[in-house]
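Every letter in the sequence shown is one number past the one before it in my numbering, and letter 265, counting from 1, is 265. From the three backbone atoms N, C-alpha and C, an ideal C-beta is built for every residue, glycine too. A quick write-up on the structure given underneath.
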Amino acid sequence: MRLSLNELESKKNLLAFSAGVDSTALFFLLKENNIEFDIAIVNYNLREESKEELAYAKALATKYKKEIFIKELTLEGSNIEKKARDIRYAFFEEIIKNNNYENLITAHQLNDKLEWFLMQLSKGAGLVELLGLQEYIDKENYKIVRPLLHITKNSLEAYLKQNNIKYFIDKSNFEEKYKRNYFRHEFSNRFLDEFENGVSKSFDFLQKDLKSLNINYTPIFKEKSLTIFKNLHDENLNIKVIDKHLKKEGFLLSKAQRDEIIKQQQTVISNQVAVCINEEFIWICPYVIKTMNKKFKEFCRINKIPKLARAYIFNRKIDEKEIVKAIYS
Numbered sequence: 001m002r003l004s005l006n007e008l009e010s011k012k013n014l015l016a017f018s019a020g021v022d023s024t025a026l027f028f029l030l031k032e033n034n035i036e037f038d039i040a041i042v043n044y045n046l047r048e049e050s051k052e053e054l055a056y057a058k059a060l061a062t063k064y065k066k067e068i069f070i071k072e073l074t075l076e077g078s079n080i081e082k083k084a085r086d087i088r089y090a091f092f093e094e095i096i097k098n099n100n101y102e103n104l105i106t107a108h109q110l111n112d113k114l115e116w117f118l119m120q121l122s123k124g125a126g127l128v129e130l131l132g133l134q135e136y137i138d139k140e141n142y143k144i145v146r147p148l149l150h151i152t153k154n155s156l157e158a159y160l161k162q163n164n165i166k167y168f169i170d171k172s173n174f175e176e177k178y179k180r181n182y183f184r185h186e187f188s189n190r191f192l193d194e195f196e197n198g199v200s201k202s203f204d205f206l207q208k209d210l211k212s213l214n215i216n217y218t219p220i221f222k223e224k225s226l227t228i229f230k231n232l233h234d235e236n237l238n239i240k241v242i243d244k245h246l247k248k249e250g251f252l253l254s255k256a257q258r259d260e261i262i263k264q265q266q267t268v269i270s271n272q273v274a275v276c277i278n279e280e281f282i283w284i285c286p287y288v289i290k291t292m293n294k295k296f297k298e299f300c301r302i303n304k305i306p307k308l309a310r311a312y313i314f315n316r317k318i319d320e321k322e323i324v325k326a327i328y329s
């Protein structure tokens, strides 16, 4: 199997585990390749089988001497998928921060990559959004690594059966009330069954095309959650920079939100994030409301610090003079 493991060697790794096909196969593939790792699992108590899956995760951790981190909760209400994802990644990041892990390993595979591609295609997306599932994503204090992106789910299941390895099937993955499952069963899985080799090659070519765009995603200033980029003076490139940054922060922009940013230049997204594009820079920070003194506001006005970013800078006591020094030096 074609695995991308270079980033995992001699590192402190945490595997996001669920006991399903993908993460179970990845557990044993990492073990076969002598990659050290521990595991983390979240039980949402949505299915009766989740208790068995948790017990299996504990048994694997004990047998193979892995540290295991467990979060149990009862998930209810609407928009379950988003709630589950937010809770899961908040849990992972807490573990990483408290235990100094360098990598979070997830078991996304080629079916997931095509499924994401098709979902974004249906919404209206550019190359960066279409290729949102990357092998490596740099976060602030760790890296997300996806070693299975070139391998199909069928191949992983065949590996488990060939080696007589136990795994679980989440029955909710077959419920087409979830949009992701609809794309999975109606399009991506069927397409891959027939055109796996071509799809894999196309993603490789598209990845090279993406790199050839050579967009500078490096901020010129970053402190706390205030991030400032150079204005690239191209609407499409600017929105790619903004979109990529917000994805790293766990915030996915819709097409309508991207259009709003381009149209307004200075706007608040979902009452949470301020995005400001002025003549020279792109400013991104959490949106807050705070009373500011006149001296501070006058300094911001003279130095063209956007109004929507000022309250956050003032509230978090970020030195406004250091900001100006960094961006105009």
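Identity of the residue in the options nearest residue i by Cα
i    : options                : result
T218 : D209, K58, I228, L210  : I228
N99  : I282, K12, A311        : K12
P306 : I323, C276, I327       : C276
Y159 : D319, E298, L26, A16   : L26
N278 : H245, Q266, S270, S10  : Q266
T291 : K304, R180, T74, A309  : A309
F117 : C300, I105, E140, Q134 : Q134
K222 : F281, K263, Q257, N303 : F281
K248 : I41, D86, K58, A256    : D86
P286 : S270, T62, F296, N293  : S270
N154 : L232, R190, D138       : R190
I262 : H245, L246, K240       : K240
F199 : P147, E81, T152        : Sequence inspection shows Val at residue 199; the Phe mentioned does not correspond to that position. Considering only alpha carbons, the answer is T152.
K295 : I284, A274, E320, W283 : E320
N303 : I323, A311, N293, L148 : I323
A364 : Q257, A274, A311       : Here the chain has residues from 1 to 329 only, and residue 364 is not among them.
R184 : N141, K123, L148, E115 : E115
I96  : S4, E140, E157         : E140
I80  : Y167, K179, C300, D209 : K179
H245 : E260, D259, I284, K208 : I284
K63  : K31, I318, I220        : K31
D259 : K123, F299, E157, I318 : K123
A311 : E94, K325, Q272        : Q272
L149 : D234, F91, K201, K65   : K201
Below-8 Å beta-carbon distance, residue i vs any chain C residue
i   : result
A19 : The question asks about chain C, but that chain is absent: this structure has only one protein chain.
Whole-Å CB distance - residue i paired with residue j, under 8 Å assumed
i    : j    : result
V145 : Y136 : 6 Å
I165 : T24  : 6 Å
L131 : L121 : L131 to L121, Cβ: 11 Å. No contact.
L226 : I313 : 6 Å
P147 : S4   : 5 Å
Residues of its chain near residue i, where Cβ-Cβ distance is below 8 Å and the 5 sequence neighbours each way are ignored
i    : result
S50  : N43, Y44
E9   : I35
N163 : F28
L143 : Residue identity check: residue 143 is Lys in the sequence provided, not Leu. Cβ neighbours of K143 beyond the five flanking positions: E7, E102, N103, L104, Y136, I137.
Own chain, CB closer than 6 Å to residue i, minus 5 neighbours either side, in chain order
i    : result
R316 : K224
Cβ shell of residue i (< 7 Å), same chain only, five flanking positions each side left out
i    : result
A84  : Y44, L75
F187 : L118
K203 : Lys is not the amino acid found at residue 203; the sequence shown has Phe there. If we look at F203 and ignore the five residues flanking it on each side, its Cβ neighbours are K113.
A57  : F17, A19, I39, I41, I68
L237 : I215
Residue i Cβ short of 7 Å to the ligand MG heavy atom set
i   : result
N13 : The ligand content of the structure shown is nil, which means the ligand MG is not present either.
Point to revise | Three CB pairs or more closer than 8 Å across the region 106–120 and the region 66–74 | key: Verdict: no, contact absent.
Exercise for review: Just list the alpha helix (DSSP H) runs in the region 123–207, keeping only unbroken ones of 4 residues or longer that don't cross its boundaries, in chain order.
Suggested key: 127–130, 153–162, 179–183
Exercise for review: Would you list, in sequence order, the uninterrupted alpha helix (DSSP H) runs of no fewer than 4 residues that lie entirely inside the region 238–275?
Suggested key: 255–264
**Study point:** At least three beta-carbon pairs within less than 8 Å, the region 249–263 to the region 192–204
**Key:** no
Exercise for review: Spell out a yes or no on whether the region 12–23 and the region 52–67 are touching, meaning 3 or more CB-CB pairs, one atom from each, closer than 8 Å.
Suggested key: Inter-segment contact for the region 12–23 and the region 52–67 is present: three or more beta-carbon pairs are separated by less than 8 Å.
Exercise for review: Could you name each continuous alpha helix (DSSP H) segment of 4 residues or more that falls completely within the region 23–78, going from the start of the chain to the end?
Suggested key: 50–63
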